[in-house]
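In what follows, a structure is listed as structure tokens, so that the remarks can point back to it.
Residue numbers (UniProt numbering): 1 to 316.
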């Protein structure tokens, strides 16, 4: 599946900035708001029907409030569909809009990141809504549920969210959270382009056929050498798999390429419970499992921790 890796960072501006010597214009007494807009391809930005500029666009001197944001693709890009949505700008905070413009609504994607203050000043919440809904949300390499989704007890700092669903191009979002705020993510996934996928498969099939034809003309002695090498590789793989005694777990492929090992069988503790990150494809001694689908493993000699069973295969 083709992965759309549209990544952006939401800069969270802490309340302490207002009391420091920070000289950013929108952090003064007027408490201006900031807006960052990016689009692929480039587009013209309209705010409440007022023509502003082209993307990438940034303004840190906007009046807080709710605005109608519209992105119109350049005429040179053909019949791409404009995008329009409502954005809420808050004082001292930057709202991030990232869009990929397509020829149809189903071929378009992107997200809006914004912050809302919450009553619990020592808490962090992440709220995710999506089009379509009921898509998988992965936070820092661990699946957390399906949209619409609200996650509490999140640690303050940088996080990586992956929003994905079969038949759609996933969105990868990097965001930085702050205590006393809820990070609101409104994402739209684009459908996979089946025509392009079929064309790619046809090209791969043609290339494969050409390679097979070339291989058939190779010298028999060379084929024998290749076969011998393959046999040796197979024997090496079998030997390495036998070095781990049953029971053990093998880490499956994850969106991030790694998986967190935690001190407890839960993500509620945030980053503080992360002991180490382990790579996909590695194998570890299995200790036990709990009712929630978590596996306890020995990730180092005499060191144990919990991993989500979603991304682990158990061999007994």
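Where a beta carbon is used, it is the ideal one built from N, C-alpha and C, also for glycine.
*asked:* Which residues does DSSP list as the beta-bridge partners of residue 261?
replied: On the chain shown, residue 261 is found 261 positions in, with the first residue counted as 1. According to DSSP, residue 261 bridges with 276.
_I'd like to know if the stretch 118-136 and the stretch 66-76 are in contact, where contact means that at least 3 CB-CB pairs between them fall below 8 Å._
Touching, no.
*Run through DSSP, which three-state label would residue 59 get?*
Taking the first residue of the chain shown as 1, we reach residue 59 at position 59. Strand, per DSSP.
*Proximity to residue 172 [Cα-Cα], best of 63, 111 and 131*: Here residue 172 is taken as the residue at index 172 of the chain shown, counted from 1. The residue with the shortest Cα to Cα distance from residue 172 is 111.
*asked:* Taking DSSP's pairing of strands, which residues face residue 169 in a bridge?
replied: Residue mapping note: residue 169 aligns to position 169 of the chain shown, counting from 1. Looking at the DSSP output, residue 169 bridges to 190.
*Use the C-beta contact count for residue 102: other C-beta atoms within 10 angstroms, 16 or more gives buried, fewer gives exposed.*
Here the question's residue 102 lines up with position 102 in the chain shown. Burial call: buried.
*What's the C-alpha gap between residue 311 and residue 292?*
What you label residue 311 is simply residue 311 of the chain shown in a count that begins at 1. What you label residue 292 is simply residue 292 of the chain shown in a count that begins at 1. One Cα belongs to residue 311, the other to residue 292, and the distance between them is close to 14 Å.
*Any contact of the stretch 293-309 with the stretch 249-261, i.e. 3+ C-beta pairs under 8 Å?*
Short answer: they touch.
*asked:* Let me check one thing: in DSSP terms, what residues is residue 145 bridge-paired to?
replied: As a first step, residue 145 is located in the chain shown; it is residue number 145 there, counting from the start. Paired residues: 137.
_Taking the alpha-carbon of residue 305 as reference, which of 314, 61 and 294 has the nearest alpha-carbon?_
Looking up residue 305 in the chain shown gives position 305. Out of 314, 61 and 294, 294 has the C-alpha closest to the C-alpha of residue 305.
*Given that a residue counts as buried once 16 or more other Cβ atoms are within 10 Å of its Cβ, and exposed if not, what is residue 100?*
Taking the first residue of the chain shown as 1, we reach residue 100 at position 100. Of the other Cβ atoms in all chains shown, 16 or more fall within 10 Å of the Cβ of residue 100; this residue is therefore buried.
*Which of helix, strand or coil DSSP assigns to residue 303*: To locate residue 303, count along the chain shown from 1; it is residue 303. Three-state DSSP puts residue 303 in a strand.
*asked:* For residue 217, count the other beta carbons within 10 Å of its own beta carbon; 16 or more makes it buried, fewer makes it exposed. Which is it?
replied: Taking the first residue of the chain shown as position 1, residue 217 is located at position 217. Below a pLDDT of 50, predicted positions are generally treated as unreliable, and residue 217, at 48, falls in that range; the measurement from the model is reported next regardless. Label assigned to residue 217: exposed.
*Short check: CB of residue 65 to CB of residue 35, under 8 Å?*
Locating residue 65 in the chain shown gives position 65, where the first residue counts as 1. Locating residue 35 in the chain shown gives position 35, where the first residue counts as 1. Taking 8 Å as the Cβ cut-off, residue 65 and residue 35 do not qualify as a contacting pair.
*Alpha carbon to alpha carbon, how far is residue 301 from residue 131? Give it in angstroms, no decimals.*
Stepping through the chain shown from its first residue, residue 131 is reached at position 131. Stepping through the chain shown from its first residue, residue 301 is reached at position 301. In this structure, the straight-line span from the alpha carbon of residue 131 to that of residue 301 is close to 45 Å.
*Spell out a yes or no on whether the stretch 164-184 and the stretch 278-293 are touching, meaning 3 or more CB-CB pairs, one atom from each, closer than 8 Å.*
With the cut-off at 8 Å, the stretch 164-184 and the stretch 278-293 do not touch.
*What's the call for residue 84, buried or exposed, on a 16-neighbour Cβ count within 10 Å?*
By one-based count along the chain shown, residue 84 stands at place 84. By the beta-carbon neighbour count (other beta carbons within 10 angstroms, threshold 16), residue 84 is exposed.
*Residues of its chain near residue 288, where Cβ-Cβ distance is below 8 Å and the 5 sequence neighbours each way are ignored*: Counting from 1 along the chain shown, the entry for residue 288 is found at position 288. Taken in chain order, the residues that qualify are 295 and 296.
*Would you report the Cα separation of residue 298 and residue 286, rounded to the nearest angstrom?*
On the chain shown, position 298 is the one that residue 298 refers to. On the chain shown, position 286 is the one that residue 286 refers to. As the crow flies, the alpha-carbon of residue 298 is around 7 Å from that of residue 286.
*Whole-Å CB distance - residue 185 paired with residue 161, under 8 Å assumed*: Looking up residue 185 in the chain shown gives position 185. Looking up residue 161 in the chain shown gives position 161. So it is a contact: roughly 7 Å between Cβ atoms.
*Assuming residue 71 and residue 43 form a contact by the criterion Cβ under 8 Å, report the distance between their Cβ atoms to the nearest whole angstrom.*
Position 71 of the chain shown, counted from the start, is the residue given in the question as residue 71. Position 43 of the chain shown, counted from the start, is the residue given in the question as residue 43. Contact flag correct, Cβ pair sits at about 4 Å.
*Which residues does DSSP pair with residue 336 in a beta bridge?*
Residue 336 lies beyond the range of the chain shown here (1 to 316); nothing can be said about it.
*Are there 16 or more other CB atoms within 10 angstroms of the CB of residue 108, so buried, or fewer, so exposed?*
Translated into positions along the chain shown, residue 108 becomes position 108. Residue 108 sits buried, since 16 or more C-beta atoms from the chains shown fall within 10 Å of its C-beta.
*What's the gap between the Cα of residue 167 and the Cα of residue 31?*
Looking up residue 167 in the chain shown gives position 167. Looking up residue 31 in the chain shown gives position 31. Separation of residue 167 and residue 31 (C-alpha to C-alpha, rounded to the nearest whole angstrom) is 43 Å.
*Which of the three DSSP states, helix, strand or coil, is assigned to residue 21?*
Taking the first residue of the chain shown as position 1, residue 21 is located at position 21. Unreliable placement is indicated for residue 21, whose pLDDT of 24 sits below 50; no coordinate value is reported for it.
*Report the option in 154, 265 and 189 whose CA atom is closest to the CA atom of residue 169.*
In the chain shown, the residue the question calls residue 169 occupies position 169. Minimum Cα distance to residue 169 is reached at 189.
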